[in-house]
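In what follows, a structure is listed as structure tokens, so that the remarks can point back to it.
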Amino acid sequence: MQIGLVTYKPEKVEGYDLHVYYSKSADGQVFPAAKGMQNDATVFCDAKAIREDPSIVAMSNTGPALRKNRRSNFSFDFVCPTQPEYRAKVLDYIESLSRESIIGVTLNLYHFPDQEYCVCPRCVELWKQSGLNWTQWRAQTVTKFLREAKSRVKGTFAVEIYPDPVLAKERYGLDLDAIGDLVDYFHVPLSSRDYFTNYWTIMLARDFAASLKKPVVVELSAEMPTDEKLNALLKTVAYVSRHKVDAVLLLVHDSENARQVCRFAVQNRELRDWLEKYDFKEMTRIIDGWAKLY
Ligand SMILES: [Zn+2]
């Protein structure tokens, strides 16, 4: 198993095999490509674009897909996935990333906000014209978008997925089988403020590894500053490493945060003895590698 980073800084950190950089974020900020890294772009969540033109927001019968619409539990503001000008703009951005010497492109939030979206007049018209049912049309819309995006990408093409192994197609339009034909790997974020309770993390990692047709990479949050939280995180990474997961990516604020994780692991004799006692070979190998650097 490889160990990697998801970061907001375009810098590689020693001791990590994979580097994923957020080049376009859900607040609408857009950055130049990070060279030599996998560039991760948020597609249809763009608070800035919606502020500039509120008509592009995804709609349901009970209101827009906005954080302030508390009928729903959205963490982001969603653009309608069939909005032609926005689609063209974001596809151009994806293509611009690929003109640089990057490893590849990962897309996140490139789908519908939820099952009851989007019922804007354009989506309803496109759905009726398609002759498909609601679930099929929405899934086809997302898959077609990804096919178009992939044609603009040079190098490794990956997608993040909402970690819902059961209702992904009905809710978000994620046809994981069809998407599996397009991507090099799936990136599954299992974010949390801490991993003191971690059974769900290991369960979902196993479910996706068993059910997806392409390699699975799992993202865990590592921005936590306390020793207890770091300890629980590293044990969770160890349990995930027992399963058919290609890599664990640690989400960090910055490079110093990433090095802090390494130093904590290297200096934590109790943790390293525990990993050896219970035969976590992959995790022991990773931390032994860090010990040569930190
Ligand atoms: Zn729409």
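The sequence shown begins at 12 in our numbering and counts up by one. Heads up, the beta-carbon is just placed ideally off N, CA and C, and yes, glycines get one too.
Which value, in whole angstroms, describes the spacing of the CA atoms of residue i and residue j?
i	j	result
A302	L143	56 Å
P65	P75	10 Å
R296	Q49	24 Å
V177	L157	21 Å
I61	D218	35 Å
L29	T18	11 Å
T117	K100	17 Å
K155	Q126	18 Å
K35	Y104	9 Å
L16	E171	14 Å
If you run the structure through DSSP and keep just helix, strand and coil, what is residue i?
i	result
L231	strand
I61	helix
C134	helix
D51	strand
F156	helix
V164	coil
V177	coil
V272	helix
V24	coil
E111	coil
R81	coil
T208	coil
K46	coil
K139	helix
Return the first residue and the last residue of the beta strand (DSSP E) that residue i is part of.
i	result
A258	258-263
G191	Per DSSP, G191 belongs to no beta strand (DSSP E); it is in the alpha helix (DSSP H), 187-191.
L201	Note, L201: premise wrong, no beta strand (DSSP E); not H, not E.
Q13	13-18
Check whether the Cβ atoms of residue i and residue j sit closer than 7 Å, and answer yes or no.
i	j	result
F85	Y183	no
E181	T146	yes
M294	A249	yes
L260	E230	yes
Y32	A45	yes
T73	L137	no
K165	S109	yes
V153	F197	no
C56	C91	no
A69	G39	no
D205	K240	yes
Provide the residue span of the alpha helix (DSSP H) that contains residue i, from first to last.
i	result
K34	Position check: residue 34 holds Ser in this sequence, whereas Lys was assumed. Looking at the DSSP string, S34 is not in any alpha helix (DSSP H); the run it does join, the beta strand (DSSP E), is 29-35.
T295	292-304
N242	238-251
L2	Residue 2 falls outside the range modelled here, since the chain spans only 12 to 305, and no answer is possible.
E287	280-288
What residues match up with residue i in a beta bridge as DSSP calls it?
i	result
Y196	A169
M214	DSSP output for M214 lists no bridge partner at all.
L118	A52, V170
P75	M70
V101	Note: V101 sits in no beta bridge, so no partner.
F123	According to DSSP, which records beta bridges pairwise, F123 is partnered with nothing at all.
F89	C56
V41	K35
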